[in-house]
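Chains as they are written, first to last, in the working numbering: chain R, 25 to 382; chain V, 1195 to 1352; chain D, 574 to 944. Idealized CB from N, CA, C, for every residue including glycine.
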């Protein structure tokens, strides 16, 4: 049967039979790298297209419809345009940091790909502390934004970067607490095991009210963490023109842009893994017949379907809500999300100990 | 009491957000609400209002005759100096001199489509056309001569 | 708090907002002094779109100068034109036919709705919600189409002339306006769903940009900005012109004086405008649309002042006439200029995001400020 895990296994066996162990390992690493980069490119194109279509339909417009069939090649054309544009470095900027920042943003996004389970038995790195790794690495992304804002030597950029710093640091707390509630229920930090623990139902159904609360907190927190509207204070078009990337142009800007979308994909993938069962098909307890029918749908489809549903949710927020003010943003975190998250964690812990979940 | 208010706040906030989300979801799923006009493609069916003020033109009939007497009322009425009437003297068959227009120069780039020249014209010689695609490559092309080459005034228009 | 922030100290961040900035909706230049995110001072710099309209008008005749006023506050061009027509009629004692009067009021109110629609969309966009902008344009487009059919233009109509209006109404006018009213009534509930009721929006608006009635008066604010402070200042009520003393409508007043009050005044004003249109649309008298006037208009020697209520506030024209065909001196009192001057007072001590929201609720049209 054609599945991602079968292909990977076949390739692995063939490489190890053909080359010696070191070379085989090396070739595998190169292959994984190539796969990640191409996944990046595809994700960027697809998500930009999706965002433009979602926004257009909500705004009673048609959206891109000229380049290619139904305008599907529009993001390709845009990428081409960005590639041939001049990448300027302003005179007053700190040249090294200015040019380094987009690559750090990109690198963080790439590193975050590692522990995600894309399909049954198919992940780059079966890391036993996957969840911890994700929350650790994702905090690095704020450095790239601060770097970009500071190095641009532009007051708008600086303000945007400072806002972003305050925002990401605080919202990581509630995102962490929301993740923790699932970790409490499953007792593991390994992404794959978290998925496997949902074989008799996804956590959002099994864990009922407390998990739904942490799911809502998680969605709000990651929206803020990825700097998406209504929390896009770092870019805040009407206030700071373009925030931290005001001075960026061409491909350097595109890297920030791409990193934003890949980050959205990754946080949604993590959300799908934790709350909606990752690649696990829709199973209900011990209804074996029903579960077997659901298993017929490939696991990768389940994963991408759930992830894109969450991405749609985040886009939907963006095109509906006005932006918060910086003090309201921090109020929301420290006065609402964090206390509720902490209380909820307590609830989940009690629930886990008493076994009050399905 | 504080806790009750706090929870109430959270729920009213979430409810107000949900109402907004429902509205955008409605438009996301109802594509017949889309109002985009695909402009260059719908040129064939695009019809502007009859009174739309696009540019000043001078209608000519089949015999290449217009109704302009060269009275310069339009030139005087124009706030921007858009119209310049250049007159000449025709020699009528009886040997009399008669004033007529040589050229009616119209500067589209100065025109604000205020319709004052049309209302000022005593002989209805000029009117507004419903054109709107005025872009040209060179500014000099905006300066137009409204009367056709070799045209003359219609019989009976004084 | 304000005194403490008043002085310029080292380490203040001075930022130029504009002349090219997404929030200024034009070429307004604000020099803002910041302490962190907190605004210490806002200093508007004007003149980027100054076209010396007042001086231009002095060289134009009383028929010609009307078209220039469409280009000042381009969102309420009908109302500006109306003021010009009224001052000439006042000076020359021209009696406007009843049909023309009704048409003028209808056009004024349609313009007011169109202007408020655009303001609503643009203000929501300032606050970061992009979708309402497009929804607002849908309703505004319906009005623009009505205008295009009757006046022949969508923005700078030049429809009002001394003595009446330029042309009679288009035969479809009444039907189209009624269609618009049904569309509007169906869609106005959505405005509440998407913006007014939204908790984020309310938090951004309530208690922000507060100005007291006394301060607003001393800055010369007018229109929704002053009515948001609870001061009755609707020119249509206190100095009625045209038919406004015979029509039933309420002056909209809010008392809070903050951004949300100004917002609610405008939203409720749209409903009042609809009410006016509903009263008039079936009662347009037959008759001429233009009084017989002399070919050359000459205002008698003297000084004339005429005020009207535009979508943004009190718009006034002051003419000194020497008895000739051109005004000797002309001065426009534009609502935007006075409203902008209150911005510094409102903005001190608030955040940058609030500044954008305040500018949104002041509904600044930059060509109106600069002229």
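For residue 766 of chain D, the closest Cβ of chain V is nearer than 7 angstroms. Think of a sphere of 7 angstroms around the beta carbon of residue 1204 of chain V: the chain R residues whose beta carbon falls inside it are 360, in chain order. Collapsing the DSSP output to three states places residue 109 of chain R in coil. Counting only residues of its own chain and dropping the five nearest sequence neighbours on each side, residue 265 of chain R has a CB closer than 8 angstroms to the CB of 180. Comparing C-alpha distances from residue 874 of chain D to each of D:884, D:857, D:892 shows the shortest one belongs to D:892. Sequence-ordered contacts of the stretch 629-640 of chain D with chain V read 633, 636, 637, 640 [C-beta pairs closer than 7 angstroms].
With a threshold of 7 angstroms between beta carbons, residue 1240 of chain V makes no contact with chain R.
For residue 1304 of chain V, no Cβ of chain R is located within less than 7 angstroms of the residue's own Cβ. Closest option to residue 769 of chain D, judged by alpha-carbon separation, among D:829, D:840, D:636, D:675: D:840. Here residue 130 of chain R is near residue 283 of chain R, since their CB atoms are less than 7 angstroms apart. Considered as a whole, the stretch 27-96 of chain R harbours 28-42, 45-82 as its complete alpha helix (DSSP H) runs of no fewer than 4 residues, in chain order. Taking a Cβ-Cβ cut-off of 9 angstroms, residue 1291 of chain V has no neighbours in chain D, whose nearest Cβ is about 27 angstroms from it. The beta carbon of residue 1214 of chain V falls within 7 angstroms of a beta carbon belonging to chain R, placing the residue at that interface. The C-beta distance from residue 242 of chain R to residue 202 of chain R rounds to 4 angstroms, short enough to fall under 8 angstroms.
Around the beta carbon of residue 378 of chain R, fewer than 16 other beta carbons lie within 10 angstroms, which makes this residue exposed.
Between the stretch 795-802 of chain D and the stretch 828-840 of chain D, the count of C-beta pairs closer than 8 angstroms reaches three or more; the two stretches touch. Under the 7 angstroms criterion on CB atoms, residue 1246 of chain V is classed as interfacial with respect to chain D. Under the criterion of beta carbons closer than 8 angstroms, residue 169 of chain R and residue 225 of chain R do not qualify as touching, at roughly 38 angstroms. Distances from the alpha-carbon of residue 95 of chain R to those of R:70, R:109, R:106 put R:70 closest. Scanning V:1280, V:1327, V:1344 for the CA closest to the CA of residue 1234 of chain V turns up V:1327.
For the stretch 324-358 of chain R, the set of positions with a beta-carbon nearer than 8 angstroms to some beta-carbon of chain D reads 343, 344, 345, 346, 347, 348, 349, 350, 351, 352 in chain order. Contact between residue 707 of chain D and residue 84 of chain R holds, with the beta-carbon distance rounding to 6 angstroms and staying under 8 angstroms. Between the alpha carbons of residue 166 of chain R and residue 584 of chain D lies a distance of about 25 angstroms. Under the Cβ criterion (8 angstroms, minimum of three pairs), the stretch 316-332 of chain R does not count as touching the stretch 677-692 of chain D.
Distance from the CA atom of residue 41 of chain R to the CA atom of residue 160 of chain R, rounded to whole angstroms, is 37 angstroms. Non-local C-beta neighbours of residue 733 of chain D in its own chain, meaning closer than 8 angstroms and more than five positions away in sequence, comprise 639, 651, 654, 655, 657, 658, 677, 680, 739, ordered along the chain. Just so you know, the alpha carbons of residue 1308 of chain V and residue 743 of chain D end up roughly 18 angstroms apart.
DSSP, reduced to helix, strand and coil, places residue 617 of chain D within a strand of the structure shown. Residue 1255 of chain V and residue 1278 of chain V have their C-alpha atoms roughly 22 angstroms apart. By the neighbour-count definition (other C-beta atoms within 10 Å, threshold 16), residue 342 of chain R is a buried residue. For residue 878 of chain D, the beta-bridge partners assigned by DSSP are D:891. In terms of Cα proximity to residue 367 of chain R, the closest of R:235, R:288, R:262 is R:235. Neighbours of residue 85 of chain R across chain V, judged by C-beta separation under 9 angstroms: 1228, 1229, 1230.
Looking at the DSSP output, residue 866 of chain D sits in no beta bridge, so it has no partner there. Contact residues of the stretch 722-733 of chain D toward chain V are 722, 723, 724, 725, 726, 729, 731 (C-beta to C-beta distance below 8 angstroms). Per the DSSP secondary-structure output, residue 737 of chain D pairs in a beta bridge with D:734, D:863.
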